[in-house]
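Those protein sequences? They're chains A and B, same order as listed.
According to numbering that gives the first Met the number 0, the residues represented by the first sequence are 0 to 354, in order.
According to numbering that gives the first Met the number 0, the residues represented by the second sequence are 0 to 354, in order.
For glycine and all other residues, C-beta sits at the position ideal for the given N, C-alpha and C.
Presented below is the structure to which this report refers.
There are 2 protein chains.
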Amino acid sequence: MQSPEPQSFDRVLSSMCTEPHPAAREAAERFLATNPGDPATYDTVAALEERAVELLATVTDHPTPTEASGYVTGGGTEANLQAVRSARNRHPAADANVVAPESAHFSVHKAAEVLDVELRTVPVDDEYRADINAVAAAVDDATALVVGVAGTTEYGRVDPIPELGRIAHDAGAFLHVDAAWGGFLLPFTDHDWSFADAPVDTLTIDPHKCGRGVVPAGGLIAREPAALDALAVETPYLETRSQATLNGTRSGAGVAGAVAAMEALWPDGYREAAERAAADATWLADELVARGYDVTEPELPLVAVDLPDTTFEALRDAGWKLSRTGAGEARVVCMPHVTREALRAFLADLDRIRT
Amino acid sequence: MQSPEPQSFDRVLSSMCTEPHPAAREAAERFLATNPGDPATYDTVAALEERAVELLATVTDHPTPTEASGYVTGGGTEANLQAVRSARNRHPAADANVVAPESAHFSVHKAAEVLDVELRTVPVDDEYRADINAVAAAVDDATALVVGVAGTTEYGRVDPIPELGRIAHDAGAFLHVDAAWGGFLLPFTDHDWSFADAPVDTLTIDPHKCGRGVVPAGGLIAREPAALDALAVETPYLETRSQATLNGTRSGAGVAGAVAAMEALWPDGYREAAERAAADATWLADELVARGYDVTEPELPLVAVDLPDTTFEALRDAGWKLSRTGAGEARVVCMPHVTREALRAFLADLDRIRT
Chain A
0 MQSPEPQSFD
10 RVLSSMCTEP
20 HPAAREAAER
30 FLATNPGDPA
40 TYDTVAALEE
50 RAVELLATVT
60 DHPTPTEASG
70 YVTGGGTEAN
80 LQAVRSARNR
90 HPAADANVVA
100 PESAHFSVHK
110 AAEVLDVELR
120 TVPVDDEYRA
130 DINAVAAAVD
140 DATALVVGVA
150 GTTEYGRVDP
160 IPELGRIAHD
170 AGAFLHVDAA
180 WGGFLLPFTD
190 HDWSFADAPV
200 DTLTIDPHKC
210 GRGVVPAGGL
220 IAREPAALDA
230 LAVETPYLET
240 RSQATLNGTR
250 SGAGVAGAVA
260 AMEALWPDGY
270 REAAERAAAD
280 ATWLADELVA
290 RGYDVTEPEL
300 PLVAVDLPDT
310 TFEALRDAGW
320 KLSRTGAGEA
330 RVVCMPHVTR
340 EALRAFLADL
350 DRIRT
Chain B
0 MQSPEPQSFD
10 RVLSSMCTEP
20 HPAAREAAER
30 FLATNPGDPA
40 TYDTVAALEE
50 RAVELLATVT
60 DHPTPTEASG
70 YVTGGGTEAN
80 LQAVRSARNR
90 HPAADANVVA
100 PESAHFSVHK
110 AAEVLDVELR
120 TVPVDDEYRA
130 DINAVAAAVD
140 DATALVVGVA
150 GTTEYGRVDP
160 IPELGRIAHD
170 AGAFLHVDAA
180 WGGFLLPFTD
190 HDWSFADAPV
200 DTLTIDPHKC
210 GRGVVPAGGL
220 IAREPAALDA
230 LAVETPYLET
240 RSQATLNGTR
250 SGAGVAGAVA
260 AMEALWPDGY
270 REAAERAAAD
280 ATWLADELVA
290 RGYDVTEPEL
300 PLVAVDLPDT
310 TFEALRDAGW
320 KLSRTGAGEA
330 RVVCMPHVTR
340 EALRAFLADL
350 DRIRT
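Here you go:
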């Protein structure tokens, strides 16, 4: 079978993945056959992973980036799962629970099922952010972790992270921030989300989303080494003592690509991309409102718009890769590959379809 | 920072990763920016994953390869973890346990810790294979899964899979075979290990090991769809109903590379590689025995040799990437990149060091 062509990103509007930065692609291709999971054999890529963690810790305002604990995960799901696992393992309760807003990514639900911990989801407020009172009411002595989202998948919202941290720590729980998508946008906003802004214990930030690394490259960063220590299992036949990662063999391409992208883009390249995406999202939202659609105001560059089902299907038929929120709105995520030109073409198709 | 060069494979003797097949590398580079975890957006790579599963099911002698359930995991750890999770979720016991030989890969220990199930490890026999009587004694009504290994990490041994299957099914448990490393070697041996040879329920086989795909590409294949159904969680905003994988975003490069390698090598290329590796392992074992070392007879092409610590360290200092079994023997894994020439150079260094 002749390998087919991967489709282009021209009409991909709902993905949180994007075209890698050219430097990331180049580095990934060179490190395709390396395994940071075996540092005694593949020492070069293992050193690159230390650099990746330092850079991710810098982006997330960790107090001591060169000493930060963390690793390059297979993606945001693994990072979230490991954060829940770490909290479960560190908490004394035998029946630990996790409290998260209903806006949390479905990976948090998956993590709870995998890890056999109770997940208590609480409502969001009218602005789709975690309802602080509901979170406070849901935590108890067995709460190991409170999850806040800094850039929700459905509406791009940022939860009140400092308040969630206070509630968590008052209850003896840890605070995890899921900034898988938002992490490379938020440094250029006024939101409180980082290690410097709030008592964050663990944080997810994915190079393979807005970081412009290559898949697979998620990121888990912890304030204290103890968070990673709680994940370690013994590793015979690797000439290293223990392994805190979920997988054994891991992608050297993902690690090398993440480092190359961050070296190329932090901070100015990411700032420019974030500002352009914000301007595009605001412009698109205004254009949609002008056409009479209900639009959720883009807090981060993600536009949710209520389109009739027939319109949504017609746009998919025209090749637009769109997906829907749980409530049914179409989502447009202004990723680096989504140009103003692409958005104009999208609106032109929408105008053609609705008339 | 200028990205450093990844080290070459010239002296890598203990890794179960290897240089990808050129076709796999080419396909991986083309599909670097795709995500089979979002099939409604990245449909081309999603179709390739169906082909990967069919090919893996063919290699493992699944009764109906075109209808087999499975997916391309991030690696053998994820595949093993998902097999344990599936069994736990399908078994009625609230306190399910898993029975595995002590030779099982440490990922099985990791899986048990993550999934909060009891792991009962049982001794191996004098030939480092699961002791059938010990396994039979360890299972009970709460045993959800019996694990057999077809190609152990330390000694390359193949457990008595049909007998393990009988014990498992008699106890109402499932049988999982870990052929992460051995899966592309075993079809060319007389061992009983596959879906055709035994009542195997789930099986791990990694394209990124002897399959010569690119990292990350593990494989989980199931006899029945119900094994995968037990892993499904709901997926809002993906335009697909559910997701059975552990990660969300996954590597299109891993999937495309796996398909390209299997298309190029199944079955003749893999047979030639397996026969060459077997000959090299036998030759190396004989050479080491002739030098007076204790060698574990290579059943699959993995040579464990008892070297003095000072010799082991001197070989590592000479650049040989060697690791040790739990009992301390050096391991040489005859992967495709380990040529007879490399083994001669290794022996020459050994001879220089020991005199």
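Asked: Can you look up A/PHE173 in the DSSP assignment and give me helix, strand or coil?; Found: strand
Asked: What is the residue span of the beta strand (DSSP E) that B/LEU237 lies within?; Found: Careful: B/LEU237 lies outside any beta strand (DSSP E) and carries neither H nor E.
Asked: If I follow the unbroken beta strand (DSSP E) through B/ILE220, where does it start and stop?; Found: 217-221
Asked: Could you check whether the Cβ of B/LEU342 sits closer than 9 Å to any Cβ belonging to chain A?; Found: no
Asked: Which of the residues in the segment 111-132 of chain A, read from start to end, lie with their CB under 9 Å from any CB of chain B?; Found: GLU112, VAL113, LEU114, ASP115 and VAL116
Asked: Note down the Cα distance separating A/ASP293 from B/GLU48, rounded to an integer number of angstroms.; Found: 38 Å
Asked: For A/ASP316 and A/TRP265, I'd like the C-alpha separation in whole angstroms.; Found: 38 Å
Asked: Measure from the alpha carbon of B/THR203 to the alpha carbon of each residue in B/ARG211, B/VAL146 and B/ARG240, then state which is nearest.; Found: B/VAL146
Asked: Should A/PHE30 and A/GLY256 be called a contact, given that it needs their Cβ atoms to be closer than 9 Å?; Found: yes
Asked: Kindly identify the DSSP beta-bridge partner or partners of A/TYR70.; Found: A/LEU219
Asked: Using 9 Å as the limit for Cβ to Cβ distance, is A/ALA362 near chain B?; Found: In the structure as shown, chain A begins at 0 and stops at 354. Residue 362 of chain A is therefore absent and cannot be evaluated.
Asked: With a threshold of 8 Å (Cβ to nearest heavy atom), would B/PRO91 be considered close to the ligand SAM?; Found: The ligand SAM is not part of the structure shown, which contains no ligands of any sort.
Asked: Quick one: grab the DSSP three-state call for B/GLU112.; Found: helix
Asked: Run down chain B in chain order and give the residues with a C-beta less than 9 Å from the C-beta of A/TYR154.; Found: In chain order: nothing, as chain B lies at least about 10 Å away.
Asked: Determine the direct distance from the alpha carbon of A/GLY251 to that of A/THR72, and round the result to whole angstroms.; Found: 11 Å
Asked: Could you tell me how far apart the beta carbons of B/GLY212 and B/GLY253 are, in whole angstroms, since I believe they sit closer than 8 Å?; Found: 7 Å
Asked: Which of helix, strand or coil does DSSP assign to A/LEU12?; Found: coil
Asked: Could you name the residues of the segment 38-62 of chain B whose beta carbon sits closer than 9 Å to any beta carbon of chain A, in the order they occur along the chain?; Found: ALA39, THR40, TYR41, ASP42, THR43, VAL44, ALA46, LEU47 and ARG50
Asked: Pull up the CB-CB distance for B/ALA280 and B/CYS209, whole angstroms please, since I reckon it's below 8 Å.; Found: No, B/ALA280 and B/CYS209 are not in contact; Cβ-Cβ is about 13 Å, not under 8 Å.
Asked: When the Cα of A/ALA56 is compared with those of A/LEU227, A/ILE352, A/ARG222 and A/ASP348, which residue comes out closest?; Found: A/ARG222
Asked: What are the boundary residues of the alpha helix (DSSP H) that A/ASN88 is part of?; Found: 75-89
Asked: By DSSP's criteria, B/VAL157 is part of a beta bridge. Which residues make up the other side?; Found: B/ALA149
Asked: Can the beta-carbon of B/GLU153 be found less than 9 Å from the beta-carbon of B/ALA46?; Found: no
Asked: Contact criterion: CB-CB distance below 9 Å. Does A/ARG249 meet it with respect to chain B?; Found: yes
Asked: Select from the segment 19-34 of chain B all residues with a C-beta closer than 7 Å to any C-beta belonging to chain A, and list them in chain order.; Found: PRO19, ARG24, ALA26, ALA27, GLU28, ARG29, PHE30, LEU31, ALA32, THR33 and ASN34
Asked: Can you list the residues of chain B that A/GLU233 reaches, using a CB-CB cut of under 9 Å?; Found: PHE105 and HIS108
Asked: Can you give the Cα-Cα distance for A/GLU117 and B/GLY74, rounded to whole angstroms?; Found: 28 Å
Asked: Find the residues of chain B that neighbour A/LEU363, judging by a C-beta separation of less than 8 Å, and give them in chain order.; Found: The displayed coordinates of chain A run from 0 to 354. Any statement about residue 363 of chain A would go beyond what the structure contains.
Asked: Considering only C-alpha positions, which residue in the set A/ARG343, A/VAL98, A/VAL157 and A/VAL11 is nearest to A/ARG126?; Found: Before going further, note that residue 126 of chain A is Glu rather than Arg in the sequence given. Comparing Cα positions, the closest option is A/VAL157.
Asked: What are the complete alpha helix (DSSP H) segments, minimum 4 residues, inside the segment 287-320 of chain B?; Found: 308-316
Asked: Decide if B/SER102 is buried, meaning its Cβ has at least 16 other Cβ atoms within 10 Å, or exposed.; Found: buried
Asked: Once DSSP output is grouped into helix, strand and coil, what is the label at B/THR65?; Found: helix
Asked: Going by alpha carbons, who is nearest to B/VAL337 out of B/GLU298, B/ALA289, B/GLY291 and B/ALA278?; Found: B/ALA278
Asked: May I ask you to report which of helix, strand or coil DSSP gives B/MET0?; Found: Unreliable placement is indicated for B/MET0, whose pLDDT of 47 sits below 50; the coordinate value is still reported in the next sentence. The answer is coil: DSSP assigns B/MET0 none of H, G, I, E or B.
Asked: Can you find a C-beta in chain B that's less than 9 Å from the C-beta of A/CYS333?; Found: no
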